[in-house]
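Report on the structure given below.
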Amino acid sequence: MKRLDSCPRKDGFRMPAEFEEHAGTYIIWPERTDNWRNGAKPAQKVFTEVANTIGKYEPVTVVVSDRQYQNARGMLADYVRVVEMSNDDSWIRDCGATFVINDKGERRAVDWSFNAWGGLVDGLYFPWDKDDRIASKMCELEQSDRYRLDDFVLEGGSIHVDGEGTAMVTEECLLSEGRNPHLSKEEIEQHLKDYLNVDKVLWIHEGIYNDETNGHVDNMANFVKPGVVALAWTDDVNDPQYKRSSEALAYLESETDAKGRKIKVEKIYTPKPILISKEESEGVDAVDGTLPRVEGDRLAASYVNYYTGNGFVAVPVFNDPHDELAIKKLQELYPDRKIEPIYAREILLGGGNIHCITQQVPKIK
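Letter by letter, the sequence shown follows residues 450 to 814 of the working numbering.
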């Protein structure tokens with residue numbers, strides 16, 4: 450598929466919102482034993498549940514290394530497509546293609562540079578070259594021409610769009626030293642406007658406390674629909690998350706979107722702090738250059754890391770008293786979609802959640 454020299458804004462393409470209709474979803478199969486405990490077996494069970502659940506509503510493609518191909522094919526439902534593809538780890542939201550569409554029924558993709566959330570400054574593993582090629586391989590499968598940015602690092606989990614000209618990001622992530630230190634905030638914003646085709650960027654200050662991605666927005670806030678944002682929230686003033694959520698609330702409520710609408714914020718309470726257990730820590734291989742999983746470390750748990758698809762919302766739950774509250778709130782916010790709760794502690798232990806392991810391919814007319 451062709452590599453394009455222009456940009457989506459010039460060519461009349463835009464990134465649609467996640468809540469718009471999908472042609473399908475991509476997932477990468479987990480296997481890294483220095484990130485996923487016990488040979489990644491517990492994580493593979495949950496990834497299987499996520500893929501099989503989404504596959505009831507829309508086509509799902511799981512990409513998997515050669516050595517795990519038969520295992521994945523045996524675990525996944527027959528209706529899930531399994532494709533062999535080299536990878537470094539299983540976060541397709543971040544290394545995968547960001548698809549853009551136009552009004553003529555055409556689809557292209559943005560292929561950002563990926564450097565494992567910070568490269569040699571504070572990246573989470575090395576090397577990451579296989580992951581950086583995932584987006585172009587997705588484009589081959591989807592027969593989509595792509596815009597490749599060799600000099601701009603971005604992960605899909607660090608952006609949300611409302612489909613009507615507004616993007617939402619965090620300063621903590623996009624201005625972090627390991628991504629684009631050669632660019633100013635204004636230059637980064639211009640890249641977002643050019644490649645997502647948006648007119649306004651909302652800059653939340655920080656993401657979820659202790660999020661190893663430098664505070665990806667997808668763990669902190671999400672567009673329910675244009676003008677409405679779901680925000681991770683706690684009432685506990687002694688929790689370090691309280692200051693972050695309070696700042697985000699004040700900021701969002703003081704802002705308008707690209708269409709001039711005042712933003713309505715819907716709070717979704719975070720679970721109680723979730724800490725890595727001794728057993729979970731000891732199940733992960735210790736490897737130089739990979740972020741260790743240390744007993745007692747707090748995980749960046751949030752219900753806002755949900756995935757919105759065709760007729761459903763897949764939401765992570767944690768066997769926490771707040772699970773039911775989150776499910777009830779999301780059902781109110783998405784009355785026409787089925788809420789699919791999935792116990793997702795194993796994904797969280799790897800450093801992300803359901804939104805982080807999925808990437809949508811938007812439907813074209």
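Glycine is no exception: its CB is placed at the ideal position from the N, C-alpha and C atoms.
- [ ] Look at the Cβ atom of I637, then the Cβ atom of L624, and state whether they are nearer than 9 Å.
- [x] The answer is yes: Cβ separation under 9 Å.
Open item on the list: Please report the distance separating the alpha-carbon of E731 from that of E773.
Closed with: In a straight line, the C-alpha of E731 is about 31 Å away from that of E773.
Task: L569 Cβ short of 8 Å to the ligand GDP heavy atom set - done: What this structure holds is no ligand at all, so the ligand GDP is not there to describe.
TODO: Let me know if H631 comes out buried or exposed under the rule of 16 or more other beta-carbons within 10 Å of its beta-carbon.
DONE: The C-beta of H631 has fewer than 16 other C-beta atoms within 10 Å across all chains shown, which makes the residue exposed.
Task: Length of the line joining the Cα atoms of V512 and V686 - done: In a straight line, the C-alpha of V512 is about 42 Å away from that of V686.
- [ ] Could you tell me how far apart the beta carbons of T719 and A681 are, in whole angstroms, since I believe they sit closer than 8 Å?
- [x] T719 to A681, Cβ: 5 Å. Contact.
Open item on the list: So, with DSSP's three-state summary, where would you put F462?
Closed with: Judged by DSSP in its simplified three-state form, F462 adopts coil rather than helix or strand.
Task: When Q690, E729, K634 are compared against A750, the one with the closest alpha-carbon - done: It is Q690.
- [ ] Name the one or two DSSP bridge partners that K716 has.
- [x] The partner list for K716 (beta bridge, DSSP) reads L680.
Open item on the list: My assumption, with CB atoms under 8 Å, is that F597 sits in contact with A546. Please give the rounded CB distance.
Closed with: Checking the sequence shown, residue 597 turns out to be Arg, not Phe. That belief does not hold up - the Cβ atoms of R597 and A546 are roughly 10 Å apart, past 8 Å.
Task: Top-ranked residue by Cα proximity to D667, from E795, P508, T807, L645 - done: Answer by Cα proximity: T807.
TODO: Please confirm whether Y475 and V743 have their CB atoms less than 9 Å apart.
DONE: At the C-beta level, Y475 and V743 stay beyond 9 Å of one another.
Open item on the list: Using a Cβ-Cβ cutoff of less than 7 Å, which residues in the same chain neighbour S585 once the five nearest sequence positions on both sides are dropped?
Closed with: Within the same chain, Cβ atoms closer than 7 Å to the Cβ of S585 are found at D560, R595, the five residues on either side in sequence being excluded.
Open item on the list: Assuming contact is defined by CB atoms lying nearer than 9 Å, are R693 and H654 in contact in what I supplied?
Closed with: Yes. Within cutoff.
Task: Y644 in three-state terms, based on DSSP - done: Assignment of Y644 by DSSP, reduced to helix, strand and coil, places it in the helix class.
Open item on the list: Since R556 and I550 should fall inside the 8 Å C-beta cutoff, what is the C-beta to C-beta distance between them, to a whole number of angstroms?
Closed with: 5 Å between Cβ atoms; contact.
TODO: Spell out a yes or no on whether the region 458 to 467 and the region 494 to 501 are touching, meaning 3 or more CB-CB pairs, one atom from each, closer than 8 Å.
DONE: Contact between the region 458 to 467 and the region 494 to 501 is not established, with fewer than three Cβ pairs separated by less than 8 Å.
Task: Neighbour-count burial assignment, Y756, 16 or more Cβ in a 10 Å radius - done: Looking at its Cβ environment, which holds 16 or more other Cβ atoms inside 10 Å, Y756 is buried.
Task: Per DSSP, cross-strand counterpart(s) of D560 - done: Secondary-structure assignment with DSSP links D560 through a beta bridge to R597.
Open item on the list: Just to confirm the assignment, what range does the beta strand (DSSP E) spanning T615 have?
Closed with: Its beta strand (DSSP E) spans residues 615 to 619.
- [ ] Give a yes or no on whether the C-beta atoms belonging to W485 and L798 are separated by under 9 Å.
- [x] Closer than 9 Å, so yes.
Task: Cβ-Cβ distance between P508 and A466 below 9 Å - done: Annotated as distal: P508 and A466, with beta-carbon spacing of 9 Å or more.
Task: Span of the beta strand (DSSP E), counted from its first residue to its last, around P811 - done: Bounds of the beta strand (DSSP E) holding P811 are 808 to 811.
Task: Residue ranges of each beta strand (DSSP E) within the region 755 to 812, 3 or longer - done: Runs found: 756 to 758, 761 to 766, 787 to 792, 808 to 811.
Task: C-beta atoms of N564 and V602 nearer than 9 Å - done: For the 9 Å CB-CB criterion, N564 and V602 form a contact.
TODO: Mark T705 as exposed unless 16 or more other C-beta atoms lie within 10 angstroms of its C-beta, in which case mark it buried.
DONE: Exposed.
- [ ] Starting from the Cα of P765, find the closest Cα among P790, D746, P741 and give me that residue.
- [x] From the listed residues P790, D746, P741, the smallest Cα separation to P765 is found for P790.
Task: Unbroken stretches of the alpha helix (DSSP H), 4 residues or longer, contained in the region 530 to 591 - done: For the region 530 to 591, the full-length alpha helix (DSSP H) segments reaching 4 residues or more read 541 to 544, 568 to 571, 578 to 581, 583 to 591 along the chain.
Task: Span of the alpha helix (DSSP H), counted from its first residue to its last, around T497 - done: Looking at the DSSP string, the run of the alpha helix (DSSP H) that includes T497 is 490 to 504.
Open item on the list: If I measure Cβ to Cβ from A492 and keep anything under 7 Å in the same chain, skipping five residues before and after, which residues do I get?
Closed with: Here A492 has P479, W485, E795, I796, G799 as same chain residues with Cβ atoms under 7 Å from its own Cβ, once five neighbours each way along the sequence are excluded.
Open item on the list: My output table needs one value for G523: the three-state DSSP class, helix, strand or coil.
Closed with: Looking at G523 - three-state DSSP - the assignment turns out to be helix.
Open item on the list: Given a cut-off of 9 Å on the beta-carbon distance, is the pair A558 and M524 in contact?
Closed with: Their beta carbons are not under 9 Å apart, which means A558 does not touch M524 by this criterion.
Open item on the list: My output table needs one value for K708: the three-state DSSP class, helix, strand or coil.
Closed with: K708: coil per DSSP, three-state reduction.
Open item on the list: According to DSSP, K674 sits in a beta bridge with which residue or residues?
Closed with: In the DSSP assignment, the residues bridged to K674 are V677.
- [ ] Kindly indicate which three-state DSSP category I723 falls into: helix, strand or coil?
- [x] The answer is strand: DSSP assigns I723 an E or B state.
TODO: Tell whether a beta-carbon distance below 9 Å holds between I583 and I477.
DONE: In this structure, I583 sits near I477, with a CB-CB distance shorter than 9 Å.
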